[in-house]
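S.K.:
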Amino acid sequence: MTATIESPSTTASTPTFESLNPANGDVVGVHPIASKADVDAAVERAREAANWWGALTFDEREEYLLTWRSVITRRIAQLAQISHLETGKPHGDAQLEIIMAIDHITWAAKHAKKILGPQKVKSGLLMANQASTVEYKSLGVVGVIGPWNYPVFTPCGSITYALAAGNTVVFKPSEYTPGVGQWLADTFTEVVGGRPVFQVVTGLGETGNALCTSAVNKLAFTGSGATGRKVMMACAERLTPVIIEAGGKDSMIVDHDADLPKAAEAALWGAMSNAGQTCIGTERVYVHEKVFDTFVAEITEQAKELKSGAGEKIGPITMPSQIGIIKSHIDDAIAKGATVVTGGSDAVGERFVQPTIMTNVPENSTEITEETFGPTLAINPVKSMDEAVQLTNATKYGLAGAVFAKKNGMDIARRVRSGMTSVNSVVAFAAVPALPFGGVGESGFGRIHGPDGLKEFTYAKSITRQKFKPMMMLTSFARDAKTDNNVAKLITVMHGGKKTLK
Ligand code: NAD
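According to my numbering, the sequence shown is numbered sequentially starting from 89.
(1) In terms of residues, what are the limits of the alpha helix (DSSP H) holding Phe199?
(2) What whole-angstrom Cβ distance do Val285 and Trp141 have, given they're in contact under 8 Å?
(3) Closest to Ser81 by C-alpha separation, out of Trp357, Gln166, Ile368, would be which residue?
(4) Go through its chain and collect everything with a Cβ distance to Phe533's Cβ below 8 Å, but skip five positions before and after it.
(5) From this set, Glu136, Glu174, Thr221, Gly296, which residue's C-alpha is nearest Thr552's C-alpha?
(6) Let me know the secondary structure DSSP gives Tyr249 once reduced to three states.
(7) With a threshold of 8 Å, are at least 3 pairs of Cβ atoms found where one atom belongs to the segment 356 to 365 and the other to the segment 394 to 409?
(8) Which residue from Ser550, Thr248, Pro239, Ile160 puts its Cα closest to that of Gly267?
(9) Suppose you measure from the CA of Ala91 to the CA of Val342; what does that come to, to the nearest Å?
(10) Let me know the secondary structure DSSP gives Ile332 once reduced to three states.
(11) From the DSSP output, read off the bridge partner residues of Lys471.
(12) Exposed or buried, Asn574, counting other C-beta atoms within 10 Å across all chains shown (16 or more means buried)?
(13) Cβ of Ala352 within 7 Å of Cβ of Gln390?
(14) Given that a residue counts as buried once 16 or more other Cβ atoms are within 10 Å of its Cβ, and exposed if not, what is Asp420?
(15) For a test of the three-state rule: what should DSSP assign to Ser409, helix, strand or coil?
(16) If you count every other CB in all the chains shown that lies within 10 Å of the CB of Glu136, and 16 or more means buried, which is it?
(17) Following a CB-centred definition, is Gly489 positioned closer than 6 Å to any heavy atom of the ligand NAD?
(18) Taking only heavy atoms of the ligand NAD into account, decide whether any of them is closer than 6 Å to the Cβ of Gly462.
(19) Do the segment 480 to 498 and the segment 298 to 305 meet, that is, are 3 or more Cβ pairs less than 8 Å apart?
(20) Going by Cα to Cα distance, which pick from Asn255, Asp181, Thr104 is closest to Leu153?
(21) Identify, in the order they occur along the chain, each residue of the same chain with its Cβ nearer than 6 Å to the Cβ of Met321, setting aside the five sequence neighbours on each side.
(22) From the DSSP secondary-structure annotation, give me the bridge partner or partners of Val436.
(23) Measure the Cβ-Cβ separation of Ser506 and Ala488 and say whether it is below 7 Å.
(24) Quick check on Leu173: buried or exposed, where buried means 16 or more other Cβ atoms within 10 Å of its Cβ?
(25) Taking its Cβ as the centre, do 16 or more other Cβ atoms sit within 10 Å of Met89, making it buried, or is it exposed?
(26) Among all the DSSP beta bridges, which residues are the ones paired with Ile170?
(27) Throw me the rounded Cβ distance for the Arg503 and Val477 pair, which I believe falls under 8 Å.
(28) To the nearest angstrom, how far is the alpha carbon of Glu185 from that of Thr248?
(29) Answer yes or no: do Thr194 and Arg157 have a C-beta to C-beta separation smaller than 7 Å?
(30) Is Val319 near the ligand NAD, with its Cβ less than 6 Å from a heavy atom?
(31) If Ile467 sits next to Thr447, beta carbons under 8 Å apart, how far is it from one beta carbon to the other, in whole angstroms?
(32) At what residues does the alpha helix (DSSP H) containing His583 begin and finish?
(33) Does at least one heavy atom of the ligand GTP sit under 6 Å from the Cβ of Trp236?
(34) Is the closest heavy atom of the ligand NAD to the C-beta of Thr430 under 6 Å?
(35) Mind listing, in chain order, the continuous alpha helix (DSSP H) runs of no fewer than 4 residues lying wholly within the segment 461 to 517?
(36) Got a sec: does the ligand NAD put a non-hydrogen atom nearer than 6 Å to the Cβ of Thr315?
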C-alpha cells in the first residue's frame, strides 16, 4: 500500500477524481477537477507571467530551465515512483523516459537562442539596399494536453520547447497520471520563485476541452486521433492553432541480409515494452520470406521468459478500457486465419496481458489496420522490400517505424511514409533531441523536438531595414516608364536564362 497524495489545491467543496494504480486498483492520489473558470483563471495568470518570462533573455531562460533539469535529475527516483504507481510501468522504464526528457530539456534550453534569435538573410539583388533579418517570437500562453503512456517524456516534448521559446504553459495531464503532471509543474514553480510560468490544471476530458476554448495562443495535443478531432473542433472556435501528436501502427521491415537476432530483440522490445502502450511501438513486422522462419524462431525463443505481471518486465494495461480492444484485435486476427506463436486470446487477463505474437495475420484484420496499444505483434512474410514498403504504407497512420537491413536500410527508410524511422534499432530518433518528432496522416501534424519543435511554439517575425537609397525606387507612385523598363531588363538577366525543357 502507498500513501495517497492529496493535491494541495483540493478543498472540501472542490470536485475531485482519483488516480488509481492499474496493477492493483489502489488509490494513488486525489486531484481537483478544474472547471472552465479555473482553467480560464490559470490562463490569465499565465498571460501575466508571460510578461516576465517572455521578456527574459534566452540566456536567462536557459539558466532557469537547466536548474529545473538538475532538480529533476537529483529527484529522479521520486518522479519515477509516482509514474510507476500511476501507469504501472516498471520503475526502471519510468526512469528511462525521465532520462530522455532531461536530455531534451537541456537541448531545448541550450539551442533556443541560436535557432530562434535574430538571423540575417540575404536580401537579393532587387532589394540589395535592405538589411533583412528573421527572428522567432514567442506566442504567449501555450496549452498542453497530454496522454498517460509516457507521462513525462511526451508532454515535456511540448512543455519544454514552448518554455524555451519564451511562452508560459498551462498543462492538462491525463486523468490517469495527474500526480506526474503536478510534480513537474511544482518543481518548475519552485525554480522560478513561485511565478505561474508552468501551471497544471487537472481533470477529465471536460477540463481539456476548457483549455481548448480558453485564450491560449496555441494548443499542443498528444493522445488518440478521436480526441484530437474534438480538440481541433474546439480550438477552431477561436482560431487557435493546434499540434496533433496522435497514434500509430508502426512497422518494422526486416530484409534478408539483416542481423536477425538483433532485429528480433528490437522487435520484441519495440512491441512489448511499456506493455505495448507506445505510440511509436512496433505493432507489425514485415520479414523477407527468405529469412521469415529463422526470424520467427529467433523471436519466439527470445520471448520465452518474457512475462507480464507485478514485478515482471511488463506491467499492467494502464487504461482498463483498452483491455477489450486488445482482446478484440487478437480475436479478429485469429478468426481471420492468423497463427498464434505465443500468447493468444487467453493471454488477456483482467489487468495484465501476456505477450502475444502472431504470424500470417490477414492485412484486413484490426490487428493490422488499427492501433492495438497492447503487448501484441503481427509478423508477416513478404516477397520483396517493395512489398514490405507498400504494406507498411497501406495505413491511415504514419508516425514512425524501423528497418533492419545491411545494404538497403537507408533507401527503405526513405520510402516509408512516416515522420521518423530508425535503421537497425528501434525508437532511437526519440532520444536524439536535435531530430523533429511527429507524424503524417492520422498520426497528426506539427513537430515537437529539434529546431522544428522550437519554431512550432513561435511565429516568424521578418524585418527589413533600409541601408541606403535604392538604385530604382519601385514602391512609389513616382516610378516612371524608364524604371519599369530597367527593372524588366534586370529581371530578364536574373531569371530569363533557362531555356524550355527538351
Ligand atoms: P486520449 O485521447 O484518451 O486522451 C489524451 C488527453 O486528452 C487526456 O489528457 C484526456 O483527458 C484529454 N481529453 C479527453 N477528451 C478531451 C476533449 N474532449 N477535449 C480536450 N481534451 C480531452 O489519449 P490517451 O489514451 O491518454 O493516450 C493514448 C493515445 O495517445 C494513443 O493513441 C497514443 O498512440 C497516443 N500518443 C501519441 C504520441 C505521439 O507523440 N504521437 C505520444 C504518446 C501517445
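The beta carbon of each residue, even a glycine, is placed where N, CA and C say it ideally should be.
M.R.: Judging by the given coordinates:
(1) Looking at the sequence provided, one finds His at residue 199 rather than Phe. Counting along the chain, the alpha helix (DSSP H) containing His199 begins and ends at 179 to 204.
(2) 5 Å
(3) Nothing in the structure corresponds to residue 81, since the chain is present only between 89 and 590.
(4) Ile331, Ile332, Gly526, Gly527
(5) Thr221
(6) helix
(7) yes
(8) Pro239
(9) Low confidence applies here, because Ala91 scores a pLDDT of 45, under 50, leaving its location unreliable; read the following figure in that light. Here the alpha carbon of Ala91 sits roughly 47 Å from the alpha carbon of Val342.
(10) Annotated three-state conformation of Ile332 is strand, per DSSP.
(11) Partner(s): none; Lys471 has no beta bridge.
(12) It is exposed - the Cβ of Asn574 has fewer than 16 other Cβ atoms within 10 Å.
(13) yes
(14) With 16 or more other Cβ atoms inside 10 Å of its own Cβ, Asp420 counts as buried.
(15) helix
(16) Glu136 is classed as exposed because its beta carbon has fewer than 16 other beta carbons within 10 Å across all chains shown.
(17) no
(18) no
(19) With a cut-off of 8 Å, the segment 298 to 305 and the segment 480 to 498 do not count as touching, because too few Cβ pairs lie within range.
(20) Asn255
(21) Here the set comprises nothing.
(22) Val441
(23) Yes. Within cutoff.
(24) buried
(25) The predicted model places Met89 with a pLDDT of 37, which falls under 50 and marks its position as unreliable, so this point remains unresolved.
(26) Note: Ile170 sits in no beta bridge, so no partner.
(27) The Cβ separation is near 5 Å, so the contact holds.
(28) Straight-line Cα distance between these residues: approximately 14 Å.
(29) Yes, the Cβ-Cβ distance between Thr194 and Arg157 is below 7 Å.
(30) yes
(31) 5 Å
(32) 569 to 583
(33) Judged by which ligands are present, the ligand GTP is missing from the structure shown, whose ligands are the ligand NAD.
(34) no
(35) Complete alpha helix (DSSP H) runs here, min 4: 473 to 481, 497 to 503.
(36) Yes; taking the cut-off as 6 Å, the Cβ of Thr315 has a heavy atom of the ligand NAD nearer than that.
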